[in-house]
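Undergrad:
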Amino acid sequence: MKIIGENRQLKVVKGIMVVAKGKLVGNLYRLVGETLVGEAAVASTKSESSFVWHKRSHKFLDLIHADTCQVPAVSIGGCSYFVTFIDDFSRKVWIFMLKRKSDAFEKFKKFKALVENQKGTKIKCLRTDNGGEFCSKEFDDFCNEHGIKRHLTVPGTPQQNGVAERMNRTLMERARCMMSTAKLGKEFWAKAVNTACYLINRSPTISLKMKTPEEVWSGKPANYSFLRVFGCDAYVWVPKEKRTKVDKNSKRCIFLGYETGTKGYKLWDPTARKLIISRDVVFNEDVFQCTAKKEEARKIVIEQEASFDDAVQEENIQNDPQSESKPESELESELLHEGTSSGDAVSPRPRRAIRPPARYDDYVTSLKPQSNYVCAYLALSEEHEPTSFKEACESVNFDQWRGAMEEEMESLHKNKTWDLVQLPEGRKAIGCRWIYKLKKDSEGNIERYKARLMIKGVVLAFVASLDLELEQLDVKTAFLHDDMIIAGNNPTYVSTLKAQLAGEFDMKDSGAVNQILGMKVFRDRKDMKIWLNQKNYIERVLQRFNMQNAKPVSTPFPVHIKLSSEYSPSTEAEKAAMSRVPYSSAVGSLMFAMVGTRPDIAQAVEAVSKYMANPGRVHWDAVKWILRYLKDTSSVSLCYRSMEPDCVGFVDADFAGDRDKRRSTSGNVFIMAGGAVSWESKLQPVVALSTTEAEYISISHACKEAIWLERLLAEFKMKQDTFSMHCDSQSALLLAKNPTFHSCTKHIDVRYHFVRQLVEDGKILLHKVHTSSNPADMLTKPVARDKFNWCKSSIGLEEV
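Positions in the sequence shown are counted from 1; adding 34 to them yields my numbering.
Pasting the structure below:
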């Protein structure tokens, strides 16, 4: 409180409130018991108002604070969220991991049953924010049914739920510190958060008069004798029945926390990549396994790059730092040091020693003195997939890769894949190489390290929803075979075929299909729907190019931008700067998503792929725009429904849209069972002289695809004799249907006139469709957001 005396008056002030005033009577002030509030003070000091909402509870479960927290990484168990519950009286914290935010309701019911059974009293009040996970109808009905009062915060004032908000922040801060010290990957965040919660509940708190929350809750003092350093080395006893006489009697693991309900420790076996619960453990708390492996890997790489580093240092000594390289560095710095929050050029974020480097620091730091190159090169992710045998040997996970290669060779011998023969004279043996792949499940978690000795592998996925059984087998050795999918209308026949295959080859029965070629598969048998998406792949691409925190956009390409070669670098300095930008790698990553499940980015990818030989800054900005769009739509999926499996095509063209050579762009999409099964956005090989010619050429391209789809469907015993094709150009349709001579179209190459033959034979039926009803429009040019969203939904793209 403050006491202010002015104008023969005395004011007692607390914050912005005048709690009392006094008048001067003689030599004394007489206090008047009333409160005064200055209107100007209230209007100008909004941020100073108190957010204290309540007094501390005096009984267990009188008030529970709850909040959810999203983590931008998938845990080992496939979770991306967690929810915290805090008892206001004891300040004890409970944590539950969530795969979806909507799971918070089920976790609350579990929490309620747990704590009410322990304390013999009921939860009186629950305080949360206005998140949908807490404000659903079923959540409100449950609270009303059990007499639980709700405290909801005012929108925009998280301070009213400050206990839970601050606890989430504390948990994440401590979890980050533990993972950083142990050099563990992001997939271990859930174990770190659980351990942080365990330690917080056993830490003395000033508000509890230096007691621990666990002591207040249970009435028993905390026991610290079994605490260990998170992430340290742990040697687990291997029982006799699980080892031979020559095997080691212990296994080296990583300590990940404490198991609730048992007197055991959570441990991670990096070789088998699985969790172990054991009490027979010997700890080495001064050694961190991941840190030691990374240091060893650094030594190997530094020795191999020593000559390069020495050469760079010598070059830097001989060159004057004030030489003509200054404009180049300024250009490069302006180009590459761009923030990811908005996608526009901003100053680089500050770096701290304790933070891991960004995924693409290797090309950013190359703009600085080149002696930093080796340090940047060493900052590769430990989950990196080696591209050669040499790189696998240098990997921090070499033990896992070696085990995978030994397993592969053993399988090749077991299946008698080859015969050892003399090489015929004058002949050359076909070479082969190791392909290293991290085997992941549908959530993106690594199941096991996998190596395949293979010459070539091609997998074609064609899913049509006829409510068939869909099963998957994983062949252990893929020299002659690969992962396979079995579809059939009789579960017994499917099981019989799987058993016959398993009798011939060593394979794993993966059950119902949930992933193929990196695409996640969801299925709703009740509504007879199948969804395909590449969310996990897209998220990895965003992290790879440091765009995971970019500002999202609603379309893959801005309508007002027209790319051309005039934006390509013209000076040597500009070319040198762009040579360090991973343009080709980014476009290639986008192409894989486009051909898999994302026809909505086909036109944008086609536009940026034309400049891979000599990209400029504007081209790179366009690539980042696509990545920002994927950031906002990573969960968009292709949906196939149970309906008549007739394949229908839509065709469109953008006349002379290419600014460099004035060529037109063809676009077509074929829809089957409600979803796109084939799509194309392609620059036409010739310069069309009219809109009619451009549309006619686009129809001919689509007819080729229709012929291929007809043959493919025939192999699936789903013969379709006639394909319906929709186009918004009346003149192009008349040209295809009318074979008479036209002087204005006589120059059109004869190879495009085979459309007329298909129309005459009745294999193609051409129909006129209005431009506003043609989903192929988005495959030829950028369109406005509303039209773009309609096109997406028309070809089966939807959020899941």
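Built from N, CA and C at the ideal position, the CB exists for glycine as well.
Take Gly295 as the anchor and find which of Lys153, Tyr601, Leu242 and Tyr232 has the nearest alpha-carbon.
TA: Nearest option by C-alpha distance: Tyr232.
Undergrad: What number of angstroms, rounded off, separates the C-alpha of Ala413 from the C-alpha of Ala611?
TA: Caution applies to Ala413, whose pLDDT of 32 falls short of 50 and renders its modelled position unreliable; the value that the coordinates give is listed next. Those two C-alpha atoms are separated by around 22 angstroms.
Undergrad: Could you tell me the distance, in whole angstroms, from the CA atom of Gly460 to the CA atom of Leu813?
TA: Rounded to whole angstroms, Gly460 to Leu813 spans 51 angstroms at the Cα level.
Undergrad: Is Glu275 buried or exposed, if buried means 16 or more other CB atoms sit within 10 Å of its CB?
TA: Exposed, by the Cβ-count rule.
Undergrad: Using only the alpha-carbon positions, how far apart do His735 and Ser715 sit?
TA: Straight-line Cα distance between these residues: approximately 10 angstroms.
Undergrad: Can you tell which of Asn823, Arg819 and Thr631 has its C-alpha closest to the C-alpha of Trp565?
TA: Minimum Cα distance to Trp565 is reached at Thr631.
Undergrad: Per DSSP, what kind of secondary structure is Gln549 in: helix, strand or coil?
TA: If DSSP states are grouped into helix, strand and coil, Gln549 belongs with the strands.
Undergrad: Any heavy atom of the ligand NAD inside 8 angstroms of the beta-carbon of Ala546?
TA: Here there are no bound small molecules, and the ligand NAD is not part of this structure.
Undergrad: Determine the closest residue to Glu150 out of Thr589, Asp121 and Leu446, with distance taken between C-alpha atoms.
TA: Of the listed residues, the one whose Cα sits closest to Glu150 is Asp121.
Undergrad: In the DSSP assignment, find the unbroken beta strand (DSSP E) run with Trp824 in it and report its ends.
TA: First-last for Trp824: Arg819 to Ser828, but that is the alpha helix (DSSP H), not the beta strand (DSSP E).
Undergrad: Buried or exposed: Thr805, going by 16 or more other Cβ atoms within 10 Å of its Cβ?
TA: So Thr805 ends up on the exposed side.
Undergrad: Measure the beta-carbon distance from Met212 to Phe264 and round it to whole angstroms, keeping in mind my assumption that it falls under 8 angstroms.
TA: That pair is a contact at about 4 angstroms.
Undergrad: Would you call the segment 233-240 in contact with the segment 273-291, where contact means no fewer than 3 C-beta pairs closer than 8 angstroms?
TA: Result no; under three Cβ-Cβ pairs closer than 8 angstroms.
Undergrad: Does the segment 616-626 come close enough to the segment 637-653 that 3 or more CB-CB pairs lie under 8 angstroms?
TA: Enough Cβ pairs lie closer than 8 angstroms, so yes.
Undergrad: Assign Tyr527 to buried or exposed, taking buried as 16 or more other Cβ atoms, counted over all protein chains shown, within 10 Å of its Cβ.
TA: The residue is exposed, with fewer than 16 neighbouring Cβ atoms inside 10 Å.
Undergrad: So, using beta-carbon positions, are Ile731 and Pro809 closer together than 9 angstroms?
TA: Going by C-beta atoms, Ile731 is not nearer than 9 angstroms to Pro809.
Undergrad: Measuring alpha carbon to alpha carbon, tell me which of Lys143, Thr162, Glu167 and Leu301 ends up nearest Phe176.
TA: It is Lys143.
Undergrad: Do you know how far the Cα of Ala224 is from the Cα of Met541?
TA: Rounded to whole angstroms, Met541 to Ala224 spans 32 angstroms at the Cα level.
Undergrad: May I have the straight-line CA-CA distance separating Ile550 from Val629, to the nearest angstrom?
TA: About 14 angstroms.
Undergrad: Can you give me the C-alpha to C-alpha distance between Leu309 and Lys300, rounded to a whole angstrom?
TA: Approximately 7 angstroms, taken between the alpha carbons.
Undergrad: Can you confirm whether the segment 738-752 touches the segment 720-729 when touching is taken to mean that 3 or more C-beta pairs between the two stretches lie within less than 8 angstroms?
TA: As far as the Cβ criterion goes, the segment 720-729 does not touch the segment 738-752, which means the pair count is below three.
Undergrad: With a CB to CB cut of under 7 angstroms and the five nearest residues on each side skipped, what residues in its chain are close to Lys826?
TA: So the list reads Asp634, once near-sequence residues are dropped.
Undergrad: Output the residue ranges of the alpha helix (DSSP H) runs that lie fully inside the segment 231-318 and measure 4 residues or longer, sorted by chain position.
TA: Counting whole runs of 4 or more residues, the segment 231-318 contains the alpha helix (DSSP H) stretches 247-252.
Undergrad: Label Ala387 either buried or exposed according to how many other C-beta atoms from any shown protein chain fall within 10 Å of its C-beta, with 16 as the threshold for buried.
TA: Here Ala387 scores only 46 on pLDDT, less than 50, and its place in the model should not be relied on; the value that follows carries that caveat. Label assigned to Ala387: exposed.
Undergrad: Checking contacts by CB at 9 angstroms: is Cys169 closer than that to chain C?
TA: Here chain C cannot be found, since the structure has a single protein chain.
Undergrad: Taking DSSP as the reference, what is the three-state secondary structure of Leu160?
TA: In the structure shown, Leu160 sits in a strand (DSSP, three-state: E or B).
Undergrad: Tell me whether the segment 661-676 and the segment 571-583 touch, counting them as touching only if at least three CB pairs, one residue from each stretch, are closer than 8 angstroms.
TA: The segment 661-676 vs the segment 571-583: in contact.
Undergrad: At the level of alpha carbons, what is the spacing between Glu600 and Glu729?
TA: Straight-line Cα distance between these residues: approximately 27 angstroms.
Undergrad: With DSSP as the reference, please indicate the residues paired to Trp128 in a beta bridge.
TA: Answer is Phe119.
Undergrad: Taking the C-alpha atoms as reference points, what is the distance between Arg578 and His801?
TA: Straight-line Cα distance between these residues: approximately 44 angstroms.
Undergrad: Using the beta-carbon count (16 or more within 10 Å), is Ile157 buried or exposed?
TA: The residue in question, Ile157, is buried, as its Cβ has 16 or more Cβ neighbours within 10 Å.
Undergrad: Rounded to whole angstroms, what is the Cα-Cα separation between Leu148 and Arg651?
TA: One C-alpha to the other measures close to 58 angstroms.
Undergrad: When burial is assigned at 16 or more other CB atoms within 10 Å of the CB, is Glu833 buried or exposed?
TA: With fewer than 16 Cβ atoms within 10 Å of its Cβ, Glu833 is classed as exposed.
Undergrad: Closest to Leu242 by CA distance: which of Arg161, Ile311, Phe222 and Arg90 is it?
TA: Nearest of Arg161, Ile311, Phe222 and Arg90 to Leu242, Cα basis: Arg90.
Undergrad: According to the Cβ coordinates, are Val547 and Glu505 closer than 9 angstroms?
TA: Yes, the pair counts as a contact, with Cβ atoms nearer than the cut-off.
Undergrad: Between which two residues does the alpha helix (DSSP H) carrying His735 extend?
TA: Residues Thr725 to Glu749.
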